[in-house]
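See structure below.
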Amino acid sequence: MLERCTLSSFAHQSTCLQNCINSSSQAVLYNDRSVLENHHAASAWHLYLSCPEYNFLLNLDHVEFKRFRFLVIEAILATDLKKHFDFLAEFNAKANDVNSNGIEWSNENDRLLVCQVCIKLADINGPAKVRDLHLKWTEGIVNEFYEQGDEESNLGLPISPFMDRSSPQLAKLQESFITHIVGPLCHSYDAAGLLPGQWIEAEEDDETESCYEEDGEELDTEDEEIEDNLNSKPQRRKGRRRIFCQLMHHLTENHKIWKEIIEEEEKCKVDGTKLHVENSSLPQGDEIQVIEEADEEEERQLE
1 MLERCTLSSF AHQSTCLQNC INSSSQAVLY NDRSVLENHH AASAWHLYLS
51 CPEYNFLLNL DHVEFKRFRF LVIEAILATD LKKHFDFLAE FNAKANDVNS
101 NGIEWSNEND RLLVCQVCIK LADINGPAKV RDLHLKWTEG IVNEFYEQGD
151 EESNLGLPIS PFMDRSSPQL AKLQESFITH IVGPLCHSYD AAGLLPGQWI
201 EAEEDDETES CYEEDGEELD TEDEEIEDNL NSKPQRRKGR RRIFCQLMHH
251 LTENHKIWKE IIEEEEKCKV DGTKLHVENS SLPQGDEIQV IEEADEEEER
301 QLE
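What the sequence shown shows, in full-length UniProt numbering, is residues 1 to 303, in sequence order.
In structure tokens:
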């Protein structure tokens, strides 16, 4: 699994390459299908096969090598977000449907599916990291987005959503990403009993369980229900033990922060003002700076 995670981002080219689908030689090579992911896989294997000193699979026989190569390629290709909802639906039908027998670990296809979902989670789990790390990853990703938006503008192409640095929408981007992509995947993997955790008494922490929407339809009508689920406290008997998952806890906390930023931005629009830390030299980091300053103020109050 470690090798698959490493190879999944090998030879990353800084932007998501969606704009290359129209003209890139790589897009032609891979028939416009999972271009970035195919590039990662092919480049990694090309490097591995180019030098004998890179052969860390030396002790595998031919059959074992072919099997390992197959698993690595399948795992890398699974990180294509265009296939995200297909994988999520398949995993839920297998692992979490009441009419399903659950994951059969003796079944090779089931094991592969779990592997694919696991590496997908590793690929997009920035919002499930502790807040400082989440903000650092977010800033890096947004910078990539703006670079691509600049390229699209220079080429006379329409700027992709959330990639226009003149109209930053960082909070909406992250809130939507958590609600519709990361949240459902984490929740499904957690519901299947596959996320790490520890047993705690229920009253020690009542804010770690959350529910997320599993498709992108009827967003306006379902947002309130999603927020209620995120903040709901399950009815439990006092003293009952349950599993606390740090990843789910971070995800819930980060989601809450971005929603608060959105609410503040909407309030500022109504009042005709701007966020008090807005700075033209940091157009992509205003919301991040707001969060960091709020954290510092909270720490000072606790001292």
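Idealized CB from N, CA, C, for every residue including glycine.
Nothing here was measured: the structure is a model prediction, and the numbers come from that model.
DSSP three-state assignment for residue i, whether helix, strand or coil
| i | result |
| --- | --- |
| Cys211 | Model confidence at Cys211 stands at a pLDDT of 42, short of 50, so the residue's coordinates are unreliable; what they give is reported in the following sentence. DSSP places Cys211 in coil when its eight states are reduced to three. |
| Gln169 | coil |
| Ile124 | helix |
| Phe244 | strand |
| Glu104 | coil |
| Val28 | helix |
| Phe56 | coil |
| Gly183 | helix |
| Leu251 | helix |
| Asp110 | helix |
| Ser160 | coil |
| Leu81 | helix |
| Ala192 | coil |
| Val98 | coil |
Inter-residue Cα distance where the pair is residue i and residue j
| i | j | result |
| --- | --- | --- |
| Asp164 | Gly156 | 13 Å |
| Phe87 | Glu74 | 12 Å |
| Asn55 | Ile119 | 23 Å |
| Arg131 | Leu247 | 11 Å |
| Gly197 | Asp190 | 9 Å |
| Gly140 | Gln169 | 15 Å |
| Leu133 | Arg241 | 29 Å |
| Leu57 | Ser106 | 25 Å |
| Trp45 | Phe70 | 11 Å |
| Trp199 | Lys83 | 34 Å |
| Glu266 | Ser167 | 15 Å |
| Phe91 | His62 | 31 Å |
| Glu201 | Glu260 | 29 Å |
| Val142 | Phe162 | 8 Å |
Rounded Cβ spacing between residue i and residue j (contact assumed at less than 8 Å)
| i | j | result |
| --- | --- | --- |
| Ala37 | Ile76 | The amino acid at residue 37 is misidentified as Ala; the sequence shows Glu. Contact holds; Cβ gap of about 5 Å. |
| Glu104 | Asp97 | Contact flag wrong, Cβ pair sits at about 14 Å. |
| Ser160 | Glu152 | 6 Å |
Residue span of the alpha helix (DSSP H) that contains residue i, given as start and end
| i | result |
| --- | --- |
| Glu201 | Here Glu201 belongs to no alpha helix (DSSP H); instead the beta strand (DSSP E) covers Gln198 to Glu201. |
| Asn154 | Arg131 to Asn154 |
| Ile73 | His62 to Leu77 |
| Val35 | Val35 to Ser50 |
Sequence-distant residues of the same chain with beta carbon closer than 8 Å to residue i, five excluded per side
| i | result |
| --- | --- |
| Asp205 | Note that Asp205 scores a pLDDT of 48, beneath 50, so its modelled location is shaky; the value from the coordinates is reported in the next line. For Asp205, where only same-chain residues beyond five positions count, the Cβ hits under 8 Å are Phe244 and His249. |
| Ser100 | Ala93 and Lys94 |
First through last residue of the beta strand (DSSP E) which encompasses residue i
| i | result |
| --- | --- |
| Phe85 | Where Phe85 is concerned, there is no enclosing beta strand (DSSP E), although the alpha helix (DSSP H) it sits in stretches over His84 to Ala95. |
Beta-carbon proximity list for residue i, same chain, < 6 Å, skipping 5 on both sides
| i | result |
| --- | --- |
| Arg33 | none |
| Trp258 | Ala171, Gln174 and Glu175 |
| Pro52 | none |
Own chain partners of residue i with C-beta closer than 7 Å, once the 5 adjacent residues on each side are dropped
| i | result |
| --- | --- |
| Ser23 | Because the pLDDT of Ser23 is 47, which lies under 50, any placement of that residue in the model is unreliable, and the question is left without a value. |
| Gln116 | Glu74, Ala75, Ala78 and Phe87 |
C-beta neighbour in chain B for residue i, strict 8 Å
| i | result |
| --- | --- |
| Ile257 | Included in the structure is just one protein chain, with no chain B present. |
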